[in-house]
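Quick note: the sequence shown uses this note's numbering, first residue 11, plus one each step.
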Amino acid sequence: MDEFDRRILTILKNDCDVPLKEIGKKVGLFSASAISKRINKLKEDGIIKKQVALLDYEKLNFDFISIIFVKTKYHKDYAQIIGDKLKSLPNVVAVFFILGDIDFVILTVNRNRQDFLRIMEKLTSMDEIERSDSRVVAYTIKDIDFSSIEL
Numbered sequence: 011m012d013e014f015d016r017r018i019l020t021i022l023k024n025d026c027d028v029p030l031k032e033i034g035k036k037v038g039l040f041s042a043s044a045i046s047k048r049i050n051k052l053k054e055d056g057i058i059k060k061q062v063a064l065l066d067y068e069k070l071n072f073d074f075i076s077i078i079f080v081k082t083k084y085h086k087d088y089a090q091i092i093g094d095k096l097k098s099l100p101n102v103v104a105v106f107f108i109l110g111d112i113d114f115v116i117l118t119v120n121r122n123r124q125d126f127l128r129i130m131e132k133l134t135s136m137d138e139i140e141r142s143d144s145r146v147v148a149y150t151i152k153d154i155d156f157s158s159i160e161l
């Protein structure tokens, strides 16, 4: 990956709908096909995972956000096995395997308390879960936004 790729990524991480010609002008590569090839290579290399619309979930009435801390029972490959189960729970937007007294942190975005309670029922019924603790977000000060990271 070179400086052109970094500049392309900087543009795309803020707006993935920028036309190829405009990207080319901004980075100093004036061939749309050259930009397209670079973007495709970044996708093949797994650097660009997806190009998606960033939705305002609160405007869609998904305003019940929770953070769940999970302690699990240890067994071989538990991080991956349990992590896969946790990420498949409904409305889970992020799962982090962490070091310390707690094993996982889960972030969920729900429409209401009932949706959240359904997740907690599924979570606590898993044999691998030793205990869980949850927090409900009162309001969001800064949402998760990776676009502010300097490349």
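Ideal Cβ placement from N, Cα and C applies to all residues, glycine included.
Rounded to whole angstroms, what's the CA-CA distance from residue i to residue j? Just pull it up for me.
i      : j      : result
Asp94  : Phe74  : 23 Å
Phe14  : Gly38  : 8 Å
Leu161 : Gln90  : 29 Å
Lys51  : Leu65  : 27 Å
Ser76  : Glu140 : 19 Å
Apply the 10 Å Cβ neighbour rule to residue i and answer buried if 16 or more other Cβ atoms are within range, or exposed otherwise.
i      : result
Ile45  : buried
Arg48  : buried
Gly110 : exposed
Val105 : buried
In the DSSP assignment, what residue or residues form a beta bridge with residue i?
i      : result
Ile154 : Per DSSP, none; premise fails for Ile154.
Asp143 : Phe79
Leu117 : Ile77 and Ala104
Looking at residue i: is its Cβ nearer than 8 Å to the Cβ of residue j?
i     : j      : result
Val80 : Asp113 : yes
Tyr88 : Glu54  : no
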